[in-house]
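Single-structure report; data block below.
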DNA sequence: TAGTGGTCTAGACCACCCG
DNA sequence: GGGTGGTCTAGACCACTAG
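Protein chains in written order, with our numbering: chain A, 2 to 213; chain B, 2 to 213.
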């Protein structure tokens, strides 16, 4: 790649500005930089199918794996929070939740089963109008007027329950990846929870780690 | 937290220097920053047991989960590379590998089974002198004189083979997390491979994602 | 309105790699 | 030795939040 000075000249900005951009690319592993040598694009990382760092969009993840994505909303209902849910969402036990179950398909084949819950009190629109085919971030932004700032995910291997296995058209004896996510706002308020079952035989999940 | 200007004054550096440090903390989710407001430590992320972003040290991961770590080297031998291994390591099929199997325990209980292979040609010392209780990065640095710059990990749920299950003292019917890692140098040369079986019932793996 | 973080500039010096 | 990225400075202006 061109040097920092060349890029700065080409785009008419200072070298410091170029550096902040390149630093972000380097942190994601997309470029490799060597002092005294130069900057190189990291083809190996670019070819990685799906980067765990940004799995906020399952449809996009399915597409990156080379399939055509589709979404089916299995259910959307209001119910009371369990004790675990009320603790994780910092709401009162038994408070009302919007609970949503969705199935993501790759070329028609089910690959991700996604359960999500949101405190009902967050919603500014009738829940009939909530469009379950959108990304979690977009739902929260448009229907709750909150922005998701960060998420913490627990990664597990699990023997799926009968219902989950049958929705994913897999035998209950085959293990599945389970990603349990909690979404938070910039103010550190819990906004939503997710339990996502992945068919890791079809979808490839990659994690890129960078040192230095 | 103190403002950027205060920190700059306190440490006698420029505000730009303070900002590069804070930017790194924010990228890891350890602090939250709001324009016009201030900088806050993110206790939720700090409390997360083990950050997937830096699982280069299993002993440290076990410690963060609240256990006392120990390592047992199960085997260390030289053998020929399989076809998959030679492709992943960009070496000739059948080339010699150092193959190592290690078991990490938490409070004496086995929790991680780690298989690693390295091209034998990388080593600058007799393999008898390779200390299997060290971290992969330290082994590569001291015995191969290479630095690991980045790694790409595939995440799977798997039904463990008999041998793996028995080493981890688990039933073969219980699923395990499998992390398949490839390590690369700054020059994008493959340095090592890893297949790590995790007892995710005992160890908690967290992934922090940050937006904005 | 005062103070915060976000963005940017135009320099400087250093460590490092390569021919 | 000449060019690279790594680090740093001392400013400037802006967008935003809060009281």
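For every residue, glycine included, the Cβ atom is placed at its ideal position computed from N, Cα and C. These numbers come from a predicted model, not from an experiment.
Tell me whether residue 15 of chain B counts as near the ligand ADP, meaning its Cβ is closer than 7 Å to at least one heavy atom of that ligand. You won't find the ligand ADP in this model; it holds no ligand whatsoever.
Below 8 Å between beta carbons: does that hold for residue 153 of chain B and residue 207 of chain A? yes
Is residue 189 of chain B close to chain A, meaning its C-beta is less than 8 Å from at least one C-beta of that chain? yes
Anyone know if the C-beta pair for residue 73 of chain A and residue 104 of chain A falls short of 8 Å? yes
Judging by CA-CA distance, which residue of A:95, A:114, A:100 is the nearest neighbour of residue 132 of chain A? A:100
Would you mind giving the Cβ-Cβ distance between residue 16 of chain B and residue 5 of chain B, rounded to the nearest angstrom? I have them listed as a contact below 8 Å. 5 Å
Please report the straight-line C-alpha distance between residue 204 of chain A and residue 114 of chain A, rounded to a whole angstrom. 13 Å
Since residue 125 of chain A contacts residue 98 of chain A with CB under 8 Å, what's their CB separation in whole angstroms? Going by Cβ atoms, the distance from residue 125 of chain A to residue 98 of chain A rounds to 16 Å, so no, they are not a contact pair.
By Cβ distance below 8 Å, which residues in the same chain neighbour residue 128 of chain A in space, the five residues on each side in sequence not counted? 77, 79, 99, 121
Three-state secondary structure (DSSP) of residue 206 of chain A: coil
Tell me the rounded alpha-carbon separation between residue 75 of chain B and residue 116 of chain B. 10 Å
Closest Cβ-Cβ distance between residue 274 of chain A and chain B: below 8 Å? Any answer about residue 274 of chain A is impossible in this case: the structure gives chain A only from 2 up to 213.
Taking just the CA atoms, how far does residue 38 of chain A sit from residue 151 of chain B? 18 Å
Count the other CB atoms, across all protein chains shown, that sit within 10 Å of the CB of residue 184 of chain A; report buried if there are 16 or more and exposed otherwise. buried
Whether residue 182 of chain A touches residue 169 of chain A by CB criterion (8 Å): no
What residues in its chain sit with their C-beta under 6 Å from that of residue 68 of chain B, if we drop five residues either side in the sequence? 107, 108
Pick from B:173, B:164, B:191, B:13 that is closest to residue 145 of chain B, judged by C-alpha positions: B:191
Would you please verify whether the beta carbon of residue 59 of chain B is less than 8 Å from any beta carbon of chain A? no
If the cut-off is 7 Å on Cβ atoms, which residues from the region 157 to 177 of chain A count as contacting chain B, listed in chain order? 157, 158, 159, 160, 176, 177
Would you mind giving the Cβ-Cβ distance between residue 200 of chain B and residue 112 of chain B, rounded to the nearest angstrom? I have them listed as a contact below 8 Å. 4 Å
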